[in-house]
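Numbering (the UniProt record's numbering), first residue to last: 1 to 680. By construction, the Cβ of each residue, glycine as well, lies at the ideal position given by its N, Cα and C atoms. Accompanying notes for the structure given below.
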């Protein structure tokens with residue numbers, strides 16, 4: 001059992017709490033350090049686009065339960081009050097897998113805090129330490145120092161501490177700082193009923209879930225509902241110099257007089273709206289921007305949200321958090337932290353800054369953005385909404401893990417790649433040589449060279465002897481999870497044709513044996529051997545029964561047997577030091593047919609293979625030998641399965657001129673997989 005990671009998250013805003021909720025769900029020990037007392041988290045409403053809504057639901061937060069309402073449409077006006085467009089989004093929004101909702105920030109924050117810090121059946125909640133101002137982060141010692149002198153250490157440190165991030169300084173230095181973006185914004189809330197009760201504004205709230213925009217060249221007013229369509233949220237963006245606020249957050253008080261002055265040229269309906277504002281709740285802050293940071297990660301320390309890319313809204317911070325949680329599942333070791341954080345940076349950097357650039361562009365004055373602004377908004381919306389960071393990061397993690405695992409390759413079905421070595425599925429999962437048991441039986445017999453010559457794929461294969469009597473063998477291998485007597489995990493039966501010579505294009509000759517067909521008991525191994533090694537492998541049931549030193553080997557499919565080997569009167573001999581009787585090459589032939597063109601191949605070539613080998617540390621428990629066996633192969637049992645019928649019919653016609661030798665070897669040792677390489 002891997003020890004859970006000790007995670008320190010600096011900042012308990014939306015991004016920090018989302019990361020805490022996801023990481024503690026994965027079993028990690030999480031501490032949240034928040035500089036404020038969170039006595040009253042401030043803020044107004046916020047968008048939860050489909051891309052972040054799905055993430056919250058994955059972590060057990062359902063915005064609809066805290067008053068989030070769906071976005072149903074958009075209405076746009078000129079600042080003069082002239083209608084620009086009305087767009088019903090109810091049908092269009094069905095294309096997204098999660099709803100686009102509008103939510104009150106405070107209520108979402110409370111829901112996240114409860115989910116992140118509450119113990120449940122998924123494990124203990126995160127520890128939230130309030131009034132804990134971080135003054136220093138050391139990415140080398142992996143420590144966090146608080147203003148009161150306390151020092152905490154962890155395996156993973158996340159900087160979710162906003163635009164004025166202390167953690168960012170530890171990661172990229174002090175030369176990159178947020179700066180005034182040239183825009184200010186008033187934010188305020190008005191009860192929907194108040195607008196409905198006034199005849200001048202009633203029409204604006206007649207449709208639930210509608211966002212409304214008023215545009216002037218350098219300023220705009222945005223209105224949308226939250227709290228189950230009971231409260232209207234307003235954002236009034238304007239040139240910074242008109243309000244000259246130095247506030248970076250939501251808590252700075254705004255002046256109603258200034259608000260009315262900034263929007264004095266807007267239409268009468270807007271004037272009516274702005275006069276409804278309660279100055280006690282009017283907020284004003286300066287919009288900030290920041291140069292692109294060169295990196296997000298240093299050692300075991302990483303940035304997320306506004307600490308890495310300050311812009312509105314917070315959806316990308318939620319995505320950052322989801323990426324972290326996806327990359328650090330349960331049982332992640334602390335030794336992997338730095339590599340996984342580097343992967344996090346590669347995943348998030350391009351997308352976060354592309355959305356930041358798009359948001360920056362959409363926030364410019366109209367005369368600065370005269371290129372088709374509608375097209376830009378549509379493209380940005382599709383790029384933003386049509387993404388799931390959990391799925392994206394999990395896919396990246398799978399590829400990263402595969403890149404570190406030599407047995408993981410691109411193989412069919414490619415949709416689910418990388419797939420680990422299929423051959424290993426069902427084979428003994430031994431870590432010590434003495435844990436893999438094997439039973440190998442061989443029946444070597446005399447047969448017809450003229451019949452077998454027809455089974456060779458090209459004229460380059462022929463028998464080295466001019467005679468018409470040659471030798472072949474059926475070899476059955478069983479691999480066991482435990483000692484003999486337990487059920488075997490894998491069985492195979494291979495036909496080997498001996499005394500074969502292959503002539504290469506340069507005239508070089510190779511001597512060995514040829515494998516025209518093999519049968520295996522595990523379908524995944526058949527797939528692996530066919531696709532990756534080019535072997536002529538088929539799946540079937542293989543049964544091996546021993547009675548009084550007589551062995552019966554039966555191959556069957558769907559209850560119909562087609563090969564029956566009976567090995568009789570085996571005699572005990574002194575166990576040999578090797579299970580291999582020959583170091584000859586083993587030949588096979590790879591053939592990949594062209595799709596849609598009968599009789600043509602995309603690839604065909606001879607291959608050399610090595611069978612399942614038992615290493616030098618193996619121990620033979622017994623060796624038996626004999627010269628008596630019966631080989632029966634039936635034909636015609638698979639008329640409905642033409643491909644399999646061709647094989648079984650061909651085996652049934654194989655002449656048997658006599659048994660040369662029978663042999664059984666049983667023991668244990670480390671088993672290596674089949675291997676193959678192209679001859680030319």
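Candidates the options: closest to residue i by CA position
i, options, result
"residue 232", "202, 244, 239, 219", "202"
"residue 666", "546, 110, 238", "546"
"residue 8", "354, 543, 300", "300"
"residue 566", "560, 573, 543, 154", "543"
"residue 337", "5, 205, 551, 56", "5"
"residue 590", "597, 596, 397, 603", "603"
"residue 692", "44, 76, 237", "Within the shown structure, residues of the chain are numbered from 1 to 680, placing residue 692 beyond reach of any answer."
"residue 334", "155, 516, 149", "155"
"residue 306", "620, 389, 10", "10"
"residue 139", "283, 133, 173", "173"
"residue 239", "451, 219, 258", "219"
"residue 403", "450, 235, 378, 340", "340"
"residue 387", "70, 100, 444", "100"
"residue 494", "229, 513, 548, 502", "513"
"residue 662", "269, 522, 473", "473"
"residue 96", "524, 385, 464, 625", "385"
"residue 648", "540, 32, 668", "540"
"residue 164", "645, 319, 311", "311"
"residue 377", "357, 294, 258", "357"
"residue 627", "633, 571, 607, 135", "571"
"residue 258", "19, 150, 243", "243"
Proximity below 9 angstroms, CB of residue i to CB of residue j
i, j, result
"residue 14", "residue 112", "yes"
"residue 81", "residue 304", "no"
"residue 656", "residue 446", "yes"
"residue 130", "residue 34", "yes"
"residue 351", "residue 316", "yes"
"residue 460", "residue 511", "no"
"residue 185", "residue 235", "yes"
"residue 560", "residue 501", "no"
"residue 674", "residue 624", "no"
"residue 128", "residue 116", "yes"
"residue 651", "residue 633", "yes"
"residue 549", "residue 680", "no"
Residue i, DSSP secondary structure in three states
i, result
"residue 127", "strand"
"residue 350", "helix"
"residue 391", "helix"
"residue 434", "Confidence in residue 434 is poor, its pLDDT being 42 and thus under 50, which makes the residue's placement too unreliable to answer from."
"residue 579", "Residue placement at residue 579 cannot be trusted, given a pLDDT of 45 that sits under 50; what the coordinates show is reported in the next sentence. Of the three classes helix, strand and coil, the one that applies to residue 579 here is coil, per DSSP."
"residue 628", "strand"
"residue 675", "strand"
"residue 706", "Only positions 1 to 680 of the chain appear in this structure, which leaves residue 706 out of reach."
"residue 474", "strand"
"residue 574", "coil"
"residue 444", "strand"
"residue 136", "strand"
"residue 1", "coil"
"residue 458", "coil"
"residue 680", "coil"
"residue 566", "strand"
"residue 484", "Per-residue confidence for residue 484 stands at a pLDDT of 49, beneath the threshold of 50, marking its modelled position as unreliable; the derived number appears in the next sentence. Correct three-state label for residue 484: strand."
"residue 492", "strand"
"residue 405", "coil"
"residue 666", "strand"
"residue 26", "coil"
"residue 428", "Note on residue 428: pLDDT 43, under 50, position unreliable in the model; no value is reported."
"residue 338", "helix"
"residue 11", "coil"
Any non-hydrogen atom of the ligand COA within 8 angstroms of residue i CB
i, result
"residue 438", "Among the components of this structure there are no ligands whatsoever, and the ligand COA is therefore not found."
Any chance the region 448-465 sits against the region 533-549, with 3 or more Cβ pairs inside 8 angstroms?
-> Contact fails: fewer than three Cβ-Cβ distances are below 8 angstroms.
Sequence ranges, beta strand (DSSP E) only - wholly within the region 509-541, length at least 3 = The qualifying runs are 509-520, 537-539.
Where in the region 47-128 do unbroken runs of the alpha helix (DSSP H), each at least 4 residues long, occur, reported from the N-terminal end onward?
-> Within the region 47-128, the complete alpha helix (DSSP H) runs of at least 4 residues are 50-58, 105-117.
Quick one: complete beta strand (DSSP E) runs, 3+ long, within the region 217-267?
-> Segments of the beta strand (DSSP E) lying fully in the region 217-267: 220-226, 231-239.
With contact counted as at least three CB pairs below 8 angstroms, one residue from each stretch, are the region 319-331 and the region 211-230 in contact?
-> With the cut-off at 8 angstroms, the region 319-331 and the region 211-230 do not touch.
The region 188-200 in contact with the region 271-280 per 3-pair CB rule at 8 angstroms | The region 188-200 and the region 271-280 touch, with no fewer than 3 CB-CB distances between them shorter than 8 angstroms.
Between the region 287-302 and the region 173-187, do three or more beta carbon pairs fall short of 8 angstroms?
-> Yes, the region 287-302 is in contact with the region 173-187.
Segments assigned beta strand (DSSP E), at least 3 residues, entirely inside the region 290-335 | Entirely contained in the region 290-335, the beta strand (DSSP E) runs reaching 3 residues are, in chain order, 301-303.
Enumerate, from N- to C-terminal direction, the unbroken beta strand (DSSP E) stretches of 3 or more residues contained entirely within the region 139-186.
-> Segments of the beta strand (DSSP E) lying fully in the region 139-186: 143-146, 151-153, 156-159.
How about the region 77-91 and the region 15-25: do they share at least three Cβ pairs that are nearer than 8 angstroms?
-> Result no; under three Cβ-Cβ pairs closer than 8 angstroms.
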